[in-house]
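For reference, the structure is listed below as structure tokens.
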């Protein structure tokens, strides 16, 4: 992986972590709870070492009871703070997902027609669902677990060196091995999860197209074709998921095996030292307990790497949308279009979709208030394009469009579109009442206005 790739990945992670900033209080609470939970877990092996080396020497029951009580209290507090950490981390992740969904959806609403011409609906829906869910899960299952692993490894390393530096050095052998395994797996998982999320979007596109066009499908008796097409995409997604999970599942036992080998070495070397009176039994027990504590982050290390890669893939796709700027924006100082008389002029207008050939070339049209103009021509000759240029769904490549002698690029899009009425070729009804659909463009429409519009459209009897 190149340095530029590492830098790009780091920037994505930093942007995801930056999403926590509005929720710093809950995030701080999760980290504090994580710290206390880890601290109480680290106290138990030390208490065991003390009772083995000191508590049994005098044959008194009171120290044993006190240590047992201390272990019970410590374990209870650890459980309490672990609950707080788990709840707060999940709460923060849900808040981040909520904010991110709103941001992405708001941004999609503001992007120009040219973006939506190229984008697949299924891919956009995947970003709002699967990708955001991947980022959400990255926070508690990736980021917080990584912090737990670093805290545990750091604290255990310091404690082990204080207990016995020989055994500590043996334990540290596993660190570079685990890091190497994690890097190798991450390198292979990143493109796999990217493919999974891309394929999820493609599957969503197939579903959206088939269900939206179900009348066409049935009219041409193409049900079996659509079923086969969906099954092929679904099977491809299944295989990609299984491949990624197979690699993730293989990674976990490898890491646990490395830790188990180190544990066996510690027990062997420490046992010899205890027999030779070079090490106390309590210290050996404490060392093995601390190594067992490392088992929790190590056991989850494989899945933690998985969630890091899924979060990276999801974040890349989400920020790819958020970093896309609308092509059509209000000019600085744009004015509201008020008191419209209805004089419309297309002045030497030319237009092409993207890098394609010109659809319109040097078109000039004058439309006076109250005048009716019919545009006739073959399919694809540019009739709809002319209508789409008037409310600035697109900007002409040359020429200009004026309403009442005012260039439409000098007025706000909102005021322009409130003064331009379009009856689109494709009828679309929102999942709402007939009343709400009729009044969709006029939020403050009165009942009388809605009834009048329904009568004009021959909908009043419905």
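In our numbering, the protein residues as written are 1000 to 1461. Yeah, the Cβ is synthetic: ideal placement off N, Cα and C, and Gly gets one too. The structure displayed is predicted, hence computed values, not measured ones.
Residue i versus residue j: straight-line alpha-carbon distance, rounded
i	j	result
residue 1242	residue 1183	15 Å
residue 1065	residue 1285	18 Å
residue 1102	residue 1047	52 Å
residue 1396	residue 1319	26 Å
residue 1091	residue 1149	21 Å
residue 1033	residue 1293	15 Å
residue 1024	residue 1018	13 Å
residue 1370	residue 1421	16 Å
residue 1185	residue 1194	14 Å
residue 1238	residue 1211	27 Å
residue 1463	residue 1288	Given a span of 1000 to 1461 for the chain in the structure shown, any question on residue 1463 remains unanswerable.
residue 1155	residue 1145	15 Å
residue 1342	residue 1329	21 Å
residue 1418	residue 1412	10 Å
residue 1325	residue 1098	21 Å
residue 1132	residue 1037	27 Å
residue 1255	residue 1021	37 Å
residue 1337	residue 1119	36 Å
residue 1161	residue 1171	14 Å
residue 1462	residue 1246	It is not possible to answer for residue 1462, since the shown part of the chain is limited to 1000 through 1461.
residue 1265	residue 1035	28 Å
residue 1125	residue 1109	18 Å
residue 1248	residue 1234	21 Å
Spatial neighbours of residue i in its chain, beta-carbon cut-off 7 Å, leaving aside the 5 residues before and after
i	result
residue 1278	1163, 1269 and 1272
residue 1011	1311, 1314, 1315 and 1318
residue 1367	1342
residue 1382	1374 and 1376
Beta-ladder partner(s) of residue i, from DSSP
i	result
residue 1366	1343
residue 1357	1351
residue 1416	Beta-bridge pairing links residue 1416 to no other residue.
residue 1402	1343 and 1405
residue 1410	1334
residue 1397	1349
Proximal residues to residue i (C-beta, below 6 Å), its chain only, five neighbours per side dropped
i	result
residue 1225	1209 and 1216
residue 1283	1269 and 1273
residue 1364	1345
residue 1087	1025, 1028 and 1029
residue 1399	1346 and 1406
residue 1076	1039
residue 1452	1437
residue 1189	1308
residue 1083	1032
residue 1321	1106
residue 1389	1419
Closest residue to residue i among the options (Cα-Cα distance)
i	options	result
residue 1093	1308, 1211 and 1026	1026
residue 1356	1380, 1304, 1235 and 1024	1380
residue 1415	1333, 1354, 1345 and 1089	1333
residue 1123	1134, 1137 and 1106	1106
residue 1080	1323, 1190, 1050 and 1029	1029
residue 964	1187, 1205 and 1253	This structure gives no information on residue 964, because the portion of the chain shown stretches from 1000 to 1461.
residue 1042	1022, 1178, 1060 and 1068	1068
residue 1240	1295, 1280, 1275 and 1305	1305
residue 1331	1167, 1044 and 1408	1408
residue 1280	1249, 1021 and 1052	1052
residue 1404	1014, 1339 and 1321	1339
residue 1085	1117, 1104 and 1147	1147
Nearest-angstrom beta carbon gap, residue j and residue i [assumed within contact, 8 Å]
i	j	result
residue 1113	residue 1439	With 8 Å as the limit, residue 1113 and residue 1439 do not qualify as a contact, their Cβ atoms being about 23 Å apart.
residue 1050	residue 1062	7 Å
residue 1139	residue 1089	6 Å
residue 1141	residue 1013	Incorrect: roughly 14 Å between the Cβ atoms, too far for contact.
residue 1476	residue 1297	What the structure shows of the chain is the stretch from 1000 to 1461, and residue 1476 is not part of that stretch, so it cannot be assessed.
residue 1229	residue 1205	5 Å
Other residues of its chain near residue i: CB distance less than 8 Å, five sequence neighbours each side excluded
i	result
residue 1222	1216
residue 1455	none
residue 1096	1131, 1132, 1134 and 1135
Residue i: CB within 7 Å of a non-hydrogen atom of the ligand MG
i	result
residue 1247	Here there are no bound small molecules, and the ligand MG is not part of this structure.
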